[in-house]
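Remarks on the structure that follows.
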Amino acid sequence: MEFRDFEVIVIGLGAVGSASLYQLSKAGVSVLGIDRFDPPHRLGSSHGETRITRLAVGESDAYVPMVKRSHEIWREIEAMTGNAIFTECGGVLLDSGKTPWAKHGVDGFFQNTVTIAEQFGIAHQTMSSDQLKMKYPLLQLEEEGTAYFEYSAGYLKPEAAIQAQINLAEMNGAIVLRNSPVLQVKKRFDSKVQVEIEGESLVADVVINCTGGWIKDFLSQTYRSKFKICRQILHWVKIEHEDWKDYPVFMWGHGPNPEDFIYGFPSLDGISIKMATESFEAVDHPDQIIRDVGEEEQQKFWKEQVEPRFRG
């Protein structure tokens with residue numbers, strides 16, 4: 039059997055995989071990228087028009103140097119491609135002031151964000167509820183609430199970012215196989231890694247697995263239980279106030295539970311804003327995810343998350 043041999047194979051070309059592919063190709067590495075679909079696509083987690091980016095990452099100060107570097111990379115890619123990827127519109131973090139909220143395993147997420155901003159000299163300001171409402175009256179923060187505003191925060195366009203990085207990688211000599219599900223990954227006797235796709239075997243010194251929700255397909259039963267695949271619902275809510283187009287991205291914690299949280303974006307189309315919460319209800323495999331949003335789910339989101347907190 040004949041094998042195509044590479045230094046690195048990247049499996050999965052979403053946000054992480056496309057970036058890995060591009061940076062490896064830029065460094066002159068012989069690299070192959072494989073995706074089971076045709077990226078960018080809507081079946082993984084790297085889609086949906088926009089993603090928030092911020093320098094003071096409340097999850098951990100370890101992320102700050104990486105986020106700073108990512109902002110530099112987006113500007114470099116924009117300059118090379120002419121595509122708009124990163125919009126620096128500012129970002130506001132809101133704390134309802136009732137119960138310190140936890141996020142992604144971090145208690146006191148709001149205060150941790152402020153502490154990290156101060157530690158790294160990230161330009162920001164904190165505001166009382168009244169000060170916030172003077173600046174952004176469509177956000178109805180509770181009287182006892184507090185807000186943190188970061189000037190360098192904003193949003194990324196995930197589909198544009200993925201497409202640009204794949205294009206640049208191919209220009210650098212990377213090979214991309216689309217609509218090619220990986221059937222098996224196995225270690226060979228010569229310490230190389232063999233990747234099987236339909237009708238072909240591929241070999242590399244290193245394989246980088248960026249398969250996201252499909253990660254369990256490549257793990258033993260022992261490790262599968264350590265990963266959760268959770269359906270996330272995005273909503274586009276009709277606006278009645280044109281000021282939404284000038285608003286920052288926002289993240290709002292309003293209770294002690296992981297779901298007591300809402301985030302959103304300025305209006306990109308002039309008629310709606312994208313808003314979402316987070317869900318931690320797991321499914322066994324991404325193929326089982328329901329990809330339609332039901333009327334009952336829309337109404338629940340409206341009543342519990344949107345109606346009590348937003349105007350316009």
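Per the working numbering, the sequence shown starts with residue 39, numbered consecutively.
By construction, the Cβ of each residue, glycine as well, lies at the ideal position given by its N, Cα and C atoms.
Keep in mind it's a predicted model, so treat the numbers as computed, not measured.
For I72, report the span of its beta strand (DSSP E) as first-last.
69–72
In the DSSP assignment, the beta strand (DSSP E) including S310 goes from what residue to what residue?
310–314
Sort out for me which residues DSSP pairs D145 with in a bridge.
For D145, which the question treats as bridged, DSSP gives no partner whatsoever.
Is P346 buried or exposed, if buried means 16 or more other CB atoms sit within 10 Å of its CB?
exposed
Judging by CA-CA distance, which residue of I277, D298, R269, P175 is the nearest neighbour of E319?
R269
Any idea what DSSP makes of R349, helix, strand or coil?
coil
Name the two residues that bound the continuous alpha helix (DSSP H) containing R107.
102–119
For V231 and V223, believed in contact at Cβ under 8 Å, the rounded distance
6 Å
Buried or exposed by the 16-neighbour rule on C-beta atoms within 10 Å, applied to D73
buried
Among residues of its own chain, excluding the 5 on either side of V54, which ones have a beta-carbon nearer than 7 Å to its beta-carbon?
C248
Start and end of the alpha helix (DSSP H) containing Y60?
53–64
CA-CA distance, A155 and G128?
14 Å
What does DSSP give as the partner residue(s) for S239 in the beta ladder?
F41, E234
L131, enclosing alpha helix (DSSP H) - first and last residue:
Taken as a continuous stretch (DSSP letters only), L131 belongs to no alpha helix (DSSP H), being part of the beta strand (DSSP E) at 129–133.
Under 8 Å between C-beta atoms of I123 and K64
no
Euclidean distance between Cα positions of Y193 and K225:
40 Å
With S166 as the anchor, note down where its beta strand (DSSP E) starts and where it stops.
162–166
L206 at chain C interface by Cβ criterion, 8 Å
In the displayed structure, chain C is absent; only one protein chain is listed.
Beta carbon of V245 nearer than 8 Å to that of I235
no
Please list, in chain order, all residues of the same chain as S108 whose beta carbon is under 8 Å from its beta carbon, the five residues on each side excluded.
T91
Kindly confirm or deny that the region 293–310 and the region 136–143 touch, where touching means at least three C-beta pairs closer than 8 Å.
yes
Terminal residues of the continuous beta strand (DSSP E) containing E188?
184–188
In whole angstroms, what separates the C-alpha of A94 from that of F41?
46 Å
Can the beta-carbon of S68 be found less than 8 Å from the beta-carbon of F44?
yes
Alpha helix (DSSP H) containing L351: first to last residue?
In this structure the chain extends from 39 to 350, so residue 351 is not present and cannot be described.
Where the beta strand (DSSP E) containing K136 begins and where it ends
Looking at the DSSP string, K136 is not in any beta strand (DSSP E), and its letter there is neither H nor E.
The region 163–170 / the region 322–335 touching (three or more Cβ pairs under 8 Å)
no
Mind checking which residues open and close the alpha helix (DSSP H) that includes K276?
Segment 272–276 is the beta strand (DSSP E) holding K276; no alpha helix (DSSP H) there.
Sorted by chain position, which residues of the same chain lie with C-beta nearer than 8 Å to T119's C-beta, five sequence neighbours on each side aside?
A202, N205, L206
Thinking just about the alpha-carbon of each residue, which of G86, L177, F256, L62 is nearest to the one in A212?
L62
Label K264 either buried or exposed according to how many other C-beta atoms from any shown protein chain fall within 10 Å of its C-beta, with 16 as the threshold for buried.
exposed
Taking its Cβ as the centre, do 16 or more other Cβ atoms sit within 10 Å of Q259, making it buried, or is it exposed?
exposed
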